Amino acid sequence: MLFKAATALRRLELGSSAFAFDGAGVIESIGPSVQCFKAGDEIHYSGSPIRQGSNAEFQLVDSRSVALKPKSLSFAQAAAMPLTWITDWEALVERLEIQKEENAGILIINGAGGVGSVASQIARRVLNLPVVINTTRREETTQFSKDIQDLKLDVPIKYVFITHTPISGYLAPAAKIWAPFGKVCSIVQDIEMPMYGTEFTAKSLTFVRALLGTNRIMGELGRLLDQGVVRCHLRQTLRMDEEGVREAHEIIGGGKVVGKVALEL
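Just so we're aligned, residue 1 is where the sequence shown starts under full-length UniProt numbering, counting upward by one.
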């Protein structure tokens, strides 16, 4: 069991008796097969859709989703990092297979959100891509696609990372600026995926999805955070009480959050 010190919020399906997803705290006890951690360790972790959420004083979690808390972060800051970092690392490094210092650019759609803001850091500070472009709205993405020629970039836009629905609203304008044989990765789903008969197929673009993760990726996150290569994207911390939980979910429900919101005991 884990003593909860902080929790990061994520929208879950109604019916769960405890909301939220990521968390950070101190290990109270461990199971007999756990070898990498011990009682008293300060840790942070990514949640699971099949377990109770982290809006609680105690929570049972899978040790495979746990990593030691970065020494440079508070519990609230540490709770804000796991899911977004895992998602972004898997998307950019393992699915899009972007190489460090590759001569290519990336377009990140909804770059101001929790996932997008971390993806921007990975692309620029870890992978050292020469061009990292963020857009926040479909209209902005469409306009950027029209204006790309005026920028006279000498680097191809080879990658696109979509973190906002509807995907169908972004594929057509984004496909106009992709380099042939480029890749797009999305963490969201859409009923309509208009690819055939478009520039998407004409340029032989590849579509992949990402939403998995391990404590191996979180261990790399901790190292980069403590070295100052990437920064925590926590924007607001509230108390973990009835009023704080209600306010936090109202903020997230508004759909205009920049960065992450955390609750703290």
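Here a beta-carbon is modelled for each residue, glycine too, at the ideal position from N, C-alpha and C.
These numbers come from a predicted model, not from an experiment.
With a threshold of 16 other beta carbon atoms within 10 Å, K69 meets it and is buried. Around the Cβ of F161, a 10 Å sphere holds 16 or more other Cβ atoms; the residue is buried. Under the three-pair Cβ rule at 8 Å, the stretch 237-246 does not count as touching the stretch 91-98.
The stretch 218-226 makes no contact with the stretch 47-55: fewer than 3 CB pairs, one atom from each, lie closer than 8 Å.
In this structure, the CA atom of G116 is about 26 Å from the CA atom of Q52. As computed with DSSP, L171 is found in no beta bridge at all.
Taking a C-beta distance under 8 Å as the contact criterion, G23 and A79 qualify as a contact pair.
Taking all protein chains in view, the Cβ of V258 is surrounded by fewer than 16 other Cβ atoms within 10 Å, so the residue is classified as exposed. The beta carbon of K158 sits closer than 6 Å to the beta carbons of A104, A179 and G182 from its chain, once the five residues preceding and following it are set aside; these are given in chain order. Rounded to whole angstroms, the gap between the alpha carbons of Q236 and K260 is 7 Å. DSSP places E264 in the uninterrupted beta strand (DSSP E) bounded by K260 to E264. Our two residues, I122 and V230, have alpha carbons roughly 7 Å apart in a direct line. The Cβ atoms of G113 and S120 do not sit closer than 8 Å to each other. Following the DSSP letters along the chain, one finds V230 in no alpha helix (DSSP H), marked with neither H nor E. Nearest Cα to V155 within the set I251, V118 and E102: E102.
In the DSSP assignment, E247 falls within the alpha helix (DSSP H) that extends over E242 to G253. Rounded to whole angstroms, the separation of the alpha carbons of R64 and I27 is 14 Å.
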